[in-house]
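Chemist: Protein chains in written order, with my numbering: chain W, 14 to 435; chain D, 44 to 476. Each residue gets a CB set at the ideal place from its N, CA and C atoms; glycine is no exception. Here the structure is a predicted model, which means the values were calculated and not measured. Starting off with a structure, shown below.
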């Protein structure tokens, strides 16, 4: 009969830190941490020494100095006497403008092309394949520069619009002027404007919000809210009686009537561009740089989105369509209720990373002179003040912030549509 | 009971399918004219193709090659066709193609770039087509990392040889120490000794030998590099270095060690959160600040470092996807065979994870290669930068389609072949059913 004895107590030896799996992971982590700290300390020390030698210690004071450069495409009011911080803020808004515009158009074109690539029509599918391959395999910077060159070199100058028999004329029923200095589109004007509220007083981040716009969004929000209430009621009735009451005409009325009333009260009208002297006046001026960037980024990213959409739809097995058909659903409802909700799960994660890529690629604005955050903070401000370290750090922080916010929002959405598993 | 007059006892021969469902006509009916909507789409597409080709084909082929400026081009066009519209002026490509390919590299030394390109292709062959290439080509692949920079930048051969000697020292240290001192110490020694050699001894050793026996080729400055050659050079460096770093980062991110994991996640998310252009700003303006006072190393090398880090972060995410897609049974199987961590990774996990991630890896490669054009923004003269310079030239002021079509063609050929190769590789490695 054997008796169980405790295993002999091993005394701790130094070599156990390496050879004993109980301690090894700890050793590796401590070594990694120390290595990281050493390298970081070395880099920071070098940087501080170098900056001291150059005589420019880290100092963000330059942000309060006058920028003394102009930003021609902007959302808020700005002039060259304002500070570098204000200029950077305007640049940041410009980045967001082109990113949002680009994401919207890229999604529209991308979904369109992706669906057409799956068309049963051989010719259509091939044309879309050619589009995708051409745009995916050529650098986006080339598309941006090319789009800019085309806009500048091939469009008519404003003077071509002048005279009795002008060489060029306004497009879209005389409302849009497409010139080599940019595109002039009609602007929304309110004769009984509510004015605007000024946020953040006189600071560099001050922000005007038009109350007209706020009113429009509030009315729109209320309309959509009531439409959803109505849809919920229709669903209750359908579940109780089996008949769904028709709601579309009430929906249309709820959407349109309050909006039209509001627009009439505010005195809504369009301001059209018109030729005054050597240039167009009135309307909203979209510069070539903005349009070139927007166009190139959308077309380039759309090629990637098309592939994602195509992959997502192909990922849903055909049995799903057949099963839905066997249940008696019509093709439109099959797409809306069966295929799309499943395809979206496959589509959304890569779509998020493409939106992020588009936003990051918008930093190439600097190649065509669009004053986004890279053009202001990372361009002129950096060159004027010579504060490379501070500017690049702030630039990176801005992009990190944008990237993280986009991925947070999209991950939240992804979480909502994700498959709930056991 | 009725009398049956006729009972068929043998099978009828099969009838041929109707002529309208087979062959050319059948294909056309099936794919182009299967319904009214399809027919309308076909007609619209044909109109679209006709519109594009009727513009592009005359533009490409009824074009002017022998002109030295845009004005000359237009004169020739007016003489020949009576209008300047719809005809390409390829004169700019004929006159500047060498510059677009080689940048400002000295003309009498173009052979070195060409030789480096041939070496690149030879060194890639065993990597790309492992089982078909002759085994001797592996030697080319082994010396390539040392030979290619020497060919391009020139200078004394001894510097290159001394750097190569560092690798030899590491190998020797491993071989000699492994039987005596155990695997861990020999691994550490094989990593530390070459670094000491490179940092403190290699330079002076090369200087001494060079003084005794000078041997070398003409030096070419980094600012003379440019054109498509620069894109290929940066692309190869970033692609080649980012794959191993990416694998290590991906393993770090998957590991159980909290600190290692945090460091890897932080690095990957930071790099992926900022645009490449900000990293290039760091390369051109800040990298020298981060190093000891007075350090000043080559701009192309700095750009290579930043592009490698950038590519590595994306690569790590792609490989992590591959690792996550492997069934857990593979990890457990490797453990139950008694393999240690690195053996399991090398023999079981990585071959499968990398195979799964081939499409992602190759599209990262393509993305990196396209992103090399961004160096034009920090003032290097790659193709896009040169295109800007050519368009600013008075002789070619106002030209754009021809120039950018040529550049786009160069990139398209390289990127498209890469994506086709990845498809070939996927088919080759496909072991399922």
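(1) Quick one: measure Cβ to Cβ for residue 358 (chain D) and residue 285 (chain D), integer angstroms, because I've assumed they're closer than 8 Å.
(2) Would you give the residue range spanned by the beta strand (DSSP E) that residue 297 (chain W) belongs to?
(3) Exposed or buried, what is residue 63 (chain D) when buried is set at 16 or more other beta-carbons lying within 10 Å of its beta-carbon?
(4) How would you write the range of the alpha helix (DSSP H) that residue 406 (chain D) sits in, first residue to last?
(5) With H, G and I counted as helix, E and B as strand and the rest as coil, what does DSSP make of residue 290 (chain D)?
(6) Per DSSP, residue 211 (chain W) is paired with what?
(7) Looking at chain W, which residues of the segment 145-169 of chain D have a Cβ within less than 8 Å of any of its Cβ atoms?
(8) Does the Cβ of residue 371 (chain D) have 16 or more other Cβ atoms within 10 Å, making it buried, or fewer, making it exposed?
(9) Strictly by DSSP, which residues pair up with residue 260 (chain D)?
(10) In terms of residues, what are the limits of the beta strand (DSSP E) holding residue 201 (chain W)?
(11) Quick one: what does DSSP say residue 282 (chain W) is sitting in, helix, strand or coil?
(12) Below 8 Å, how does it come out for the segment 355-364 of chain W and the segment 296-303 of chain D: are there three or more Cβ pairs, yes or no?
(13) In chain W, which residues lie less than 7 Å from residue 85 (chain D) when you measure between Cβ atoms?
(14) Could you name the residues of chain D that residue 381 (chain W) contacts, counting a contact when the two beta carbons are closer than 8 Å?
(15) For a cutoff of 8 Å on Cβ pairs, would you count residue 523 (chain D) as touching chain W?
(16) Which of the three DSSP states, helix, strand or coil, is assigned to residue 96 (chain W)?
(17) Anything in the segment 67-99 of chain D with a Cβ closer than 8 Å to a Cβ of chain W? List those residues in chain order, please.
(18) For residue 373 (chain W), count the other beta carbons within 10 Å of its own beta carbon; 16 or more makes it buried, fewer makes it exposed. Which is it?
(19) Please go through the same chain and pick out, in chain order, the residues whose beta-carbon is closer than 7 Å to the beta-carbon of residue 114 (chain W), but skip the five residues on each side of it.
(20) Taking the straight line between their C-alpha atoms, what separation do you get for residue 416 (chain D) and residue 172 (chain W)?
(21) Looking only at DSSP bridge pairs, what is residue 477 (chain D) linked to?
(22) Rounded C-beta distance between residue 363 (chain W) and residue 321 (chain W)? I'm assuming under 8 Å.
(23) Which residues, in order along the segment 205-227 of chain D, keep a beta-carbon less than 7 Å from a beta-carbon of chain W?
(24) If you check the beta carbons only, do residue 155 (chain W) and residue 450 (chain D) fall under 8 Å apart?
(25) Taking only the alpha-carbon atoms, compute the straight-line gap between residue 149 (chain D) and residue 288 (chain D) and give it to the nearest angstrom.
(26) Which residue spans inside the segment 299-334 of chain D form an unbroken beta strand (DSSP E) run of at least 3?
(27) Taking the C-alpha atoms as reference points, what is the distance between residue 351 (chain D) and residue 242 (chain D)?
(28) Going by Cα to Cα distance, which pick from W:49, W:93, W:29, W:133 is closest to residue 71 (chain D)?
(29) With a CB to CB cut of under 7 Å and the five nearest residues on each side skipped, what residues in its chain are close to residue 295 (chain W)?
(30) Roughly how many angstroms lie between the CA atoms of residue 216 (chain D) and residue 182 (chain D), to the nearest whole one?
(31) With 9 Å as the limit, tell me which residues of the segment 176-207 of chain D have their beta carbon closer than that to any beta carbon of chain W; keep them in chain order.
(32) Under DSSP, the alpha helix (DSSP H) around residue 353 (chain D) begins and ends at which residues?
(33) Here's the rule I'm using: 16 or more other beta-carbon atoms within 10 Å means buried, otherwise exposed. How should residue 33 (chain W) be labelled?
(34) Using a Cβ-Cβ cut-off of 8 Å, state whether residue 150 (chain W) counts as contacting chain D.
(35) Among D:472, D:448, D:436, which one has its Cα closest to the Cα of residue 113 (chain D)?
(36) Assign residue 192 (chain W) to one of three DSSP states: helix, strand, or coil.
Modeler: Taking the definition as stated:
(1) To locate residue 358 (chain D), count along the second chain from 1; it is residue 315. To locate residue 285 (chain D), count along the second chain from 1; it is residue 242. Indeed, because the Cβ distance is near 5 Å, the residues count as touching under 8 Å.
(2) Residue 297 (chain W) sits at position 284 when you count from the first residue of the first chain. Note, residue 297 (chain W): beta strand (DSSP E), 297-299.
(3) For the purposes of this step, residue 63 (chain D) is taken as residue 20 along the second chain, with counting starting at 1. Exposed, by the Cβ-count rule.
(4) Within the second chain, numbered from 1, the residue matching residue 406 (chain D) stands at position 363. Where residue 406 (chain D) is concerned, the enclosing alpha helix (DSSP H) stretches over 401-414.
(5) In the second chain, the residue the question calls residue 290 (chain D) occupies position 247. Residue 290 (chain D) falls in the helix class under three-state DSSP.
(6) As a working mapping, residue 211 (chain W) is identified with position 198 in the first chain. Partner(s): W:221.
(7) none
(8) Position 328 of the second chain, counted from the start, is the residue given in the question as residue 371 (chain D). Its Cβ having fewer than 16 others within 10 Å, residue 371 (chain D) is exposed.
(9) In the second chain, residue 260 (chain D) corresponds to position 217, counting from 1. DSSP, once it has assigned bridges, lists D:198 as partnering residue 260 (chain D).
(10) Here residue 201 (chain W) is taken as the residue at index 188 of the first chain, counted from 1. 200-203 is the extent of the beta strand (DSSP E) around residue 201 (chain W).
(11) The residue you call residue 282 (chain W) lines up with position 269 of the first chain. In this structure, residue 282 (chain W) counts as strand in the three-state DSSP scheme.
(12) no
(13) Numbered from its first residue, the second chain carries residue 85 (chain D) at position 42. Under the 7 Å cutoff, chain W gives 134, 136.
(14) Counting from one through the first chain, the residue named residue 381 (chain W) turns up at place 368. Those within 8 Å of residue 381 (chain W) in chain D number zero; the least Cβ separation is about 11 Å.
(15) Shown here, chain D extends from 44 to 476; a query on residue 523 (chain D) therefore has no answer.
(16) What you label residue 96 (chain W) is simply residue 83 of the first chain in a count that begins at 1. Residue state, collapsed to three classes: strand.
(17) 74, 75, 77, 81, 84, 85, 88, 89, 91, 92
(18) Counted from its first residue, the first chain places residue 373 (chain W) at position 360. Answer is buried; the Cβ neighbour count reaches 16.
(19) Here residue 114 (chain W) refers to the residue found at position 101 when the first chain is read from its first residue. Around residue 114 (chain W): 307.
(20) To locate residue 416 (chain D), count along the second chain from 1; it is residue 373. To locate residue 172 (chain W), count along the first chain from 1; it is residue 159. Going by the C-alpha atoms only, they are around 36 Å apart.
(21) Since the first residue shown for chain D is 44 and the last is 476, residue 477 (chain D) is missing from the structure and cannot be characterised.
(22) In the first chain, counting from the first residue as 1, residue 363 (chain W) sits at position 350. In the first chain, counting from the first residue as 1, residue 321 (chain W) sits at position 308. That belief holds up - the Cβ atoms of residue 363 (chain W) and residue 321 (chain W) are roughly 5 Å apart, short of 8 Å.
(23) 227
(24) The sequence position of residue 155 (chain W) within the first chain is 142, counting from 1. The sequence position of residue 450 (chain D) within the second chain is 407, counting from 1. In contact: residue 155 (chain W) and residue 450 (chain D) (Cβ atoms closer than 8 Å).
(25) Residue mapping note: residue 149 (chain D) aligns to position 106 of the second chain, counting from 1. Residue mapping note: residue 288 (chain D) aligns to position 245 of the second chain, counting from 1. Looking at the two C-alpha atoms, the distance is approximately 34 Å.
(26) none
(27) On the second chain, position 308 is the one that residue 351 (chain D) refers to. On the second chain, position 199 is the one that residue 242 (chain D) refers to. Approximately 21 Å between the Cα atoms of the pair.
(28) Stepping through the second chain from its first residue, residue 71 (chain D) is reached at position 28. Ranking W:49, W:93, W:29, W:133 by Cα distance to residue 71 (chain D) puts W:133 first.
(29) As a first step, residue 295 (chain W) is located in the first chain; it is residue number 282 there, counting from the start. So the list reads 284, 285, 286, 287, once near-sequence residues are dropped.
(30) Here the question's residue 216 (chain D) lines up with position 173 in the second chain. Here the question's residue 182 (chain D) lines up with position 139 in the second chain. Cα-Cα distance, rounded: 22 Å.
(31) none
(32) Position 310 of the second chain, counting from 1, holds the residue named residue 353 (chain D). Segment 342-368, the alpha helix (DSSP H) holding residue 353 (chain D).
(33) If you number the first chain from 1, residue 33 (chain W) lands on position 20. It is exposed - the Cβ of residue 33 (chain W) has fewer than 16 other Cβ atoms within 10 Å.
(34) Here residue 150 (chain W) refers to the residue found at position 137 of the first chain. So yes, residue 150 (chain W) belongs to the interface.
(35) In the second chain, the residue the question calls residue 113 (chain D) occupies position 70. When each option's Cα is compared against that of residue 113 (chain D), the closest is D:436.
(36) Taking the first chain and counting its residues from 1, the one referred to as residue 192 (chain W) is at position 179. Reduced to three states, the DSSP call for residue 192 (chain W) is strand.
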